[in-house]
Amino acid sequence: MALTWEDVEPRVRELLDADLAPADVPAWLERRDALERDVGEAYAALARARHEDTADTDARDAYLRFVREVSPHLAEAADAIDKKLVAVDGYEPPAELRVWWRNVRDDIAVYHPDNVPLATRESELAQRFDELMGGVRAEVEGESLTLMQARRILESTDRDRRERAWRAIQAGLERVRPDLDALFLELVALRQTMARNTGFDDYRAYVWRARHRHEYTPEDALALHDSMRAAAVPALRALHDDRRERLGVDALRPWDLDVDPDGAEPLAPFGDVAELERGLVRMFEALDPALARRFERLREGWLDLEARPNKVPGLGYQEYFPRSRSPYVYWSALGTDDDVVAMRHEAGHAFHSLLTDERWPLMVQMANRPESAELASQSLELLTLPYLTRERGGFYDERDARRSTRAQLERMIGLWVRTSAGDAIQHWIYSQDPDTLTSEAIDEAWVRITGELGGDIDWTGLERERAKGWHIIHVFVIPFYFLEYGIAYLGAAQVWRNALHDHAAALAAYQRFLSLGGTVPLDEAYEAAGARFAFDEATVRELVDFTMARWREVAPD
108 MALTWEDVEP
118 RVRELLDADL
128 APADVPAWLE
138 RRDALERDVG
148 EAYAALARAR
158 HEDTADTDAR
168 DAYLRFVREV
178 SPHLAEAADA
188 IDKKLVAVDG
198 YEPPAELRVW
208 WRNVRDDIAV
218 YHPDNVPLAT
228 RESELAQRFD
238 ELMGGVRAEV
248 EGESLTLMQA
258 RRILESTDRD
268 RRERAWRAIQ
278 AGLERVRPDL
288 DALFLELVAL
298 RQTMARNTGF
308 DDYRAYVWRA
318 RHRHEYTPED
328 ALALHDSMRA
338 AAVPALRALH
348 DDRRERLGVD
358 ALRPWDLDVD
368 PDGAEPLAPF
378 GDVAELERGL
388 VRMFEALDPA
398 LARRFERLRE
408 GWLDLEARPN
418 KVPGLGYQEY
428 FPRSRSPYVY
438 WSALGTDDDV
448 VAMRHEAGHA
458 FHSLLTDERW
468 PLMVQMANRP
478 ESAELASQSL
488 ELLTLPYLTR
498 ERGGFYDERD
508 ARRSTRAQLE
518 RMIGLWVRTS
528 AGDAIQHWIY
538 SQDPDTLTSE
548 AIDEAWVRIT
558 GELGGDIDWT
568 GLERERAKGW
578 HIIHVFVIPF
588 YFLEYGIAYL
598 GAAQVWRNAL
608 HDHAAALAAY
618 QRFLSLGGTV
628 PLDEAYEAAG
638 ARFAFDEATV
648 RELVDFTMAR
658 WREVAPD
């Protein structure tokens, strides 16, 4: 039975009515934690059900009922509970709660009662985005395919077939683009109103505080775009030049980016999800048996990896069920190398949740910063590279393991550039007047931005498709959560570089970092992992050069 506000209200009232002196705070926080675990578990279950089948109207309605009838009360209650706590005269949090204590003050600063119904509407629009994208189909070779199924054809060695599949994908997306444009403009206006309600100049300033970004500023993010333009863009274009030459084509087209450039058939690491899971267990066993045991726990009902119609295409995530104390991983596996990468990535998130939960008693000590969460996931992608071969637990022979590694490093370079572009478009969008902003203006800005933060792709005759490249789930549903992937890969590259010199020491540092959760600031978390939290141009160039050197080591002669 779904959790209702009537179930929660007496426990909220007990917290608010309690006499609270400094000595009472620890026990009071335990009661608050118990409530938050029950609420978090209920929400996670509803979110899981709606993503398992975006066409399931019962799951959709249950989720929206919670969003509309419970979440508004919870937002108001959380603000009141936070204010009660910070009013306790003489309370000083212990060291392991000081980051959270700062975050509480951020949460108070960004709360306004007028934003509660706006947040509800924002959740409704996010649900609508999932429904639109989950229903997209590509008509390819007489079959109606999900986007994930159609994208697999982009690895085909038949260029004409790749082009047909790419155009079919775009045709499927085109059918929902007008709805997505309208939905997004409503989101922008809503978010700018939320910012104004709380006294911020614009949504960017609001979200910076809401996401607890004290270690860097919006101007630092813009400077990172410049660093990537100077260091990563030339590297990406060099990779594209190499690919174009190996493919023997005059110009790279969008459907030429996923095929093996030397004409090899697509990597086929596993036949079904059970085989994928077994291979991951072997890899983690080779890396660290304790991590393998933790992954085995997820196989007891906490993995949804089967590709099905009406799952959200391309969406992968780890959601923590706090009362069950278990991560849940969502993905749509099709038997590709990307699946193996995605699952190492999501396992990194899961291990982060588990090691933090094993060390600390309160949910507020879990990591809640994307820059830290993605360091956990992306570092594991790289730390597991030595175990890709079957003889070391993985999926491939030596030649195909090198192909997989090469693709991984190309993905890193590409992601550094793409996340900068995806972040840059959001800085631009939220600097505009929402009353006059149009989707056509966003299209134009995207083309301009990706002209500087992009590879060497020929878009002739595909101007409409190129202009809609900003239709990214993060831009719609998780605004200003995109650059973090690029920042985290800078940290992960350092973790990997350490591992090439001393794998055992690097792995130990990585696990120390995982266990810290959200108890230390970002710079200290990165330091624990063996990395510097830095993204000046010299650091970016150093790590791009390091990655390109490793790529050359595994590239064919």
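Under my numbering, think of the first position of the sequence shown as 108, with each following residue one higher. Even glycine gets a Cβ: it sits at the ideal position worked out from N, Cα and C. Since the model is a prediction, treat every value here as computed from it, not as a measurement.
With contacts defined as CB atoms closer than 8 Å, isoleucine 276 and leucine 254 qualify as a contacting pair. Sequence-distant Cβ neighbours of valine 314 in its own chain, meaning closer than 7 Å and more than five residues away, are Pro586, Phe587. Counted as a single uninterrupted DSSP element, the stretch harbouring glutamine 472 is not any beta strand (DSSP E), since DSSP gives it neither H nor E. Counting the other Cβ atoms within 10 Å of the Cβ of threonine 161 gives 16 or more, which makes it buried.
Approximately 19 Å separates the beta-carbon atoms of isoleucine 594 and glutamate 517; this is outside 8 Å, ruling out the contact. Out of Ile520, Asp542, Ala641, Tyr596, the CA that lies nearest to the CA of tryptophan 658 is found in Ile520.
DSSP places glutamate 407 outside both helix and strand once states are collapsed to three, so it counts as coil.
Going by DSSP, proline 434 is part of no alpha helix (DSSP H) but of the beta strand (DSSP E) stretching over 433-440. Annotation: the continuous beta strand (DSSP E) that includes leucine 252 extends over 250-253. Collapsing the DSSP output to three states places alanine 656 in a helix. Pairing leucine 294 with leucine 239 gives a Cβ-Cβ distance that is not under 8 Å. Nearest to aspartate 540 by C-alpha distance, out of Trp208, Leu292, Asp140, Ile260, is Leu292. According to DSSP, phenylalanine 428 shares a beta bridge with Ser433.
Taking 8 Å as the cut-off, the beta carbon of valine 146 is found closer than this to the beta carbon of leucine 181. The Cβ atoms of methionine 390 and threonine 512 do not sit closer than 8 Å to each other.
For valine 419, there is no enclosing alpha helix (DSSP H), as DSSP marks it with neither H nor E. The DSSP-derived three-state label of alanine 245 is strand. When Arg259, Arg499, Arg406, Arg271 are compared, the shortest CA-CA separation from glutamate 248 is found for Arg271.
Annotation: the continuous alpha helix (DSSP H) that includes valine 295 extends over 284-304. Residue state for leucine 394 is assigned as helix, using DSSP reduced to three classes. Under the DSSP assignment, glutamine 277 falls in the alpha helix (DSSP H) whose first and last residues are 266-281.
With respect to the C-alpha of alanine 151, the residue from Ala358, Pro429, Phe653 having the closest C-alpha is Pro429.
Residue state for leucine 560 is assigned as coil, using DSSP reduced to three classes. The three-state secondary structure of leucine 412, taken from DSSP, is strand. Close CB contacts of tryptophan 438 within its chain, under the 6 Å cut and outside five residues either way in sequence, are with Leu412, Gly423, Ala449 (chain order). Annotated three-state conformation of tyrosine 537 is coil, per DSSP. Distance check between threonine 443 and each of Arg466, Asp379, Leu405 places Asp379 closest, using alpha-carbon atoms only.
Beta-bridge analysis with DSSP links threonine 496 to Tyr503. In the DSSP assignment, lysine 190 falls within the unbroken alpha helix (DSSP H) covering 178-193. When C-beta atoms of the region 254-267 are compared with those of the region 195-208, fewer than three pairs fall below 8 Å, so the two segments do not count as touching.
Around leucine 225, the same chain offers Leu297, Thr300, Met301 as residues with beta carbons nearer than 7 Å, after the five sequence neighbours per side are excluded. Remark: C-beta atoms of threonine 227 and valine 283 do not approach each other more closely than 8 Å. One Cα belongs to glycine 386, the other to glycine 500, and the distance between them is close to 7 Å. For the options Pro220, Asp163, His158, Ala166, the alpha carbon positioned closest to that of aspartate 186 is the one of Pro220. Contact annotation, isoleucine 532 with tryptophan 566: C-beta distance approximately 17 Å; criterion of less than 8 Å not satisfied. With respect to the 8 Å criterion, alanine 474 and glycine 241 are not classified as neighbours on the basis of their beta carbons.
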